[in-house]
Structure formats: structure tokens, C-alpha cells
Amino acid sequence: MTSPQSRRTILKALACVSLAGAGFAVPAGAQSFPQAFSSFSVDVSVLKAKGLGPFADLVGAAALDELQRSFADRVDPRGPRLVLRLTGVFLTSSPDNSSGYRDRGGGGGNSGHDAVEGEALAVGRRGEVLASHPMLAVRDVNTSILTPDEQGRAVQVAQHYVRWLRRQI
């Protein structure tokens, strides 16, 4: 049986399916996010608590690598730390890449979507959270069901999440 929190995150992911590869951001409120950061880190403790273990480390490493690459021009030693707390990784069980074809009857493929959910935090020198930006990024799966490549898809969706984060903050 899934918890209400799990159901809610699954429902959010399903609601974003119609976005077909676009990033979906939850409004961050009135907080102004800093534009420069002294360092980057990724917290995957929530994923590990959910039992993802080494898979969580893989996703975290991919996200950290992409953070350092995507935000390389926004490094300033005087800025706060940018901490990415990942709280959910959703990989479709049906990675069929047939979504592009639609027959005359309006039918089509049963394409799946992968998603990462998390929150970007700007953390000050004393450990205080200066700003928060929760986000869910959804990506179309472009692979065959015969070769699902879960690790590769997890890396790709983590990179996708960070690239959308760069656009959002």
C-alpha cells in the first residue's frame, strides 16, 4: 500500500504527462532566488530512505555533474550554496517510443514519461535556507521496451531536471 505522499507525487507526475517532455515547475512563491552560488551539492537522502540505494547515488552524481556544467557561469565564492534535494525519481515501466505516430483513427503509441521531483535550496553560510524552488521535470522516454536502459534513463532525466532548473531560477 502506498502512502498519501507517494500517491500525491505519482498523481503529479501523471498530470504532467500531457506536457510531453517539457519541464513543469511549481511556483516558488515570492522568494527571489540568488543568481550566483559558491558551491553545489545534491542531497539524495530521501531517495535512499525510499530504498533506492546505489541508484540514488547514480542519479545524484548525474545531477551534480550537470549542476556544475550548467551553472558554471554563475559561480561566486560570496554566494550561497545551491543544494538540490531530490525527492522522487519516476521511470515508466513502458518505455515505448511510439508516441510520434498517430493513425487516422486518432490512436497512437503508448509512450511513457520519466520524471524527477525535488527542490533547489539556496543555503546561506550559517545553514539558513534563503530561497526554495520546488520542481517536477518530466521527460519523454525515447527507447524500446526491449532495451529499457533504466540507468541511462535515470541519468538523462536527472540532467533534464537540472537544465530546466537553470531556466527557472
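Residues in the sequence shown are numbered from 0 upward in steps of one, following numbering that gives the first Met the number 0.
Where is the CB? At the ideal position from N, CA and C, for every residue including glycine.
Rounded straight-line distance, which links the Cα of residue j to that of residue i
i	j	result
Phe70	Trp163	12 Å
Leu53	Ser93	Sequence check: residue 53 is Pro here, not Leu. Rounded to the nearest angstrom, the two C-alpha atoms are 23 Å apart.
Pro147	Asp56	20 Å
Pro26	Val156	With a pLDDT of 46 at Pro26, under the threshold of 50, the predicted position of this residue should be treated as unreliable, and no value is reported.
Cys141	Val128	One detail in the question is off: residue 141 reads as Asn in this sequence, not Cys. Looking at the two C-alpha atoms, the distance is approximately 37 Å.
Tyr178	Arg125	Outside the shown range of the chain, which is 0 to 168, sits residue 178, and nothing can be said about it.
Val82	Arg152	22 Å
Asp113	Val154	11 Å
Start and end residues, beta strand (DSSP E) containing residue i
i	result
Arg84	80-89
Gly117	112-122
Leu135	128-139
Outcome for residue i when other beta-carbon atoms lying within 10 angstroms are tallied against a minimum of 16
i	result
Val88	buried
Arg101	Low per-residue confidence applies at Arg101: pLDDT is 42, beneath 50, and the placement is therefore not dependable, though the value from the model is reported in the following sentence. Exposed.
N-terminal and C-terminal residue of the alpha helix (DSSP H) that residue i is part of
i	result
Gly151	149-167
Ala64	A small fix is needed here, since residue 64 is Asp in this sequence, not Ala. Unbroken alpha helix (DSSP H) run through Asp64: 52-69.
Ser44	44-48
Closer than 7 Å to chain D by CB, residue i
i	result
Arg77	The chain inventory of the structure shown lacks chain D, comprising one protein chain alone.
Closest by C-alpha distance to residue i, when choosing among the options
i	options	result
Phe32	Arg68, Leu120, Met134, Glu149	Leu120
Ser131	Val137, Asp72, Arg68, Val122	Val122
Gln167	Ser44, Thr91, Pro133	Pro133
Asp139	Val43, Thr91, Gly117, Gly59	Thr91
Worksheet item: Quick one: any contact between the stretch 32-45 and the stretch 78-92, if contact means 3 or more CB pairs under 8 Å?
Response: Under the 8 Å Cβ criterion, the stretch 32-45 counts as touching the stretch 78-92, having at least three qualifying pairs.
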